[in-house]
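In what follows, a structure is listed as structure tokens, so that the remarks can point back to it.
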Amino acid sequence: MIIQLKQSEAAADLPLPSYQTALSAGVDLQAALPKGTLELLPQQRSTVPTGLFIAMPEGIEAQIRPRSGLTLKTGLTVANAPGTIDADYRGEIKVLLINLGMEAVAIYHGMRIAQMVFSPVLKATFQLTDMLDNTSRGDGGFGSTGL
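Following the working numbering, the numbering of the sequence shown begins with 68 at its first residue and continues without gaps.
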């Protein structure tokens, strides 16, 4: 699958996203902050530019997900995880980060802030009905199957 990318001047010195291992599911996204750092205080959130614009084939979406190590070490995570980029979106990829840690975190130019995973899109057709089939689970939710 070929994904077309365009880079802004802010990201011109950053490498294109790439898979870090042969079996990686996602590619890392880097912050495009050439004029300095962005400090996120605890519980603060902000959109962080990547300087990347994307064109995907129809039937594909990109999901923006947290980097587990970054979240473990700093508390930074993707606030709307997974963020969805639709195939017809042509704006800049920005990552909505939130600092869930106890200390401020400085986000710097080139910092790997999230990962992007591509996935096929299934389209549903909806049919209104008066009854749904019964299951052994029924309407149990929110921990009803155990913790």
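C-beta: ideal position from N, C-alpha, C; glycine also. Everything numeric in this text was worked out from a predicted model, so none of it was measured.
Pairing residue 80 with residue 181, the inter-Cα distance amounts to about 18 Å.
DSSP places residue 161 inside the beta strand (DSSP E), whose first and last residues are 159–166.
Runs of alpha helix (DSSP H) with 4 or more residues, each lying fully within the segment 91–170, are found at 135–141, listed in chain order. For residue 172, the enclosing beta strand (DSSP E) covers residues 172–174.
Excluding residues up to 5 positions away in sequence, 94 lie with their Cβ nearer than 7 Å to the Cβ of residue 86 in the same chain. Annotation for residue 204: no beta strand (DSSP E) segment contains it, and DSSP assigns it neither H nor E.
Of all alpha-carbon atoms in 108, 104, 128, the one lying nearest the alpha-carbon of residue 189 is that of 128. Annotated as distal: residue 90 and residue 72, with beta-carbon spacing of 9 Å or more. A direct Cα-Cα distance of roughly 24 Å separates residue 193 from residue 156.
Residue 200 has its alpha-carbon roughly 35 Å from the corresponding atom of residue 146.
With a contact defined as Cβ atoms closer than 8 Å, residue 99 and residue 124 miss out at about 25 Å. For residue 68, same chain residues with a beta-carbon under 8 Å away, outside a window of 5 residues either side, are 124, 127, 185 in chain order.
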